[in-house]
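Residue numbers (the working numbering): 584 to 697. Beta carbons are placed, not taken as given, at the ideal position from N, Cα and C, and that holds for glycine. These figures come from a predicted structure and were not determined experimentally. Here is the structure we will look at, set down as structure tokens.
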């Protein structure tokens with residue numbers, strides 16, 4: 584087992600990514616929205632994984648910062664989809680809460696690397 588697989592934040596981000604893929608299979612958003620949301624959600628877990636492979640704290644921190652930025656990007660996309668009535672308020676709030684938890688966990692990892 585790789586180190587990143589042991590991290591709760593990685594597992595939560597992987598589950599979030601799977602949730603997004605499921606939503607995208609059900610809904611038919613435009614191509615750009617589908618692509619951005621799919622890539623941003625995937626980016627969270629991939630940057631966590633890649634960050635754990637780095638030897639220096641500076642390099643590790645950079646990947647965690649990028650992962651956190653991707654979480655923010657997902658929130659922005661989902662908020663837009665909610666406001667344009669493409670997704671429900673409940674769906675948005677659930678996703679937002681999951682992303683907030685992931686963001687806080689990443690922030691903790693980032694602060695520990697200072």
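Look at the Cβ atom of residue i, then the Cβ atom of residue j, and state whether they are nearer than 8 Å.
i           : j           : result
residue 643 : residue 696 : yes
residue 661 : residue 678 : yes
residue 593 : residue 587 : yes
Relative to the C-alpha of residue i, which candidate in the options has its C-alpha closest?
i           : options            : result
residue 648 : 668, 598, 632      : 632
residue 681 : 646, 671, 602      : 602
residue 622 : 668, 584, 607, 645 : 607
residue 609 : 669, 619, 590      : 669
residue 630 : 674, 673, 675, 590 : 590
residue 667 : 585, 694, 612      : 612
For residue i and residue j, which I take to be in contact (beta-carbon distance under 8 Å), what is that distance rounded to the nearest angstrom?
i           : j           : result
residue 596 : residue 628 : 4 Å
residue 637 : residue 625 : Actually they do not touch by this definition, with Cβ atoms about 19 Å apart.
residue 659 : residue 634 : With a Cβ gap of about 22 Å, residue 659 and residue 634 do not count as contacting.
Whose C-beta lies closer than 8 Å to the C-beta of residue i among residues of the same chain, with five residues either side of it excluded?
i           : result
residue 671 : 665
residue 619 : 656, 660
residue 585 : 632, 635
Near residue i, what residues of its chain come up, given a Cβ to Cβ distance below 7 Å and the 5 sequence neighbours on each side ignored?
i           : result
residue 690 : 651
residue 617 : 607
- Query: Okay, do the stretch 650-657 and the stretch 675-693 touch, 3+ Cβ pairs below 8 Å being the bar?
  - Reply: Result yes; three or more Cβ-Cβ pairs closer than 8 Å.
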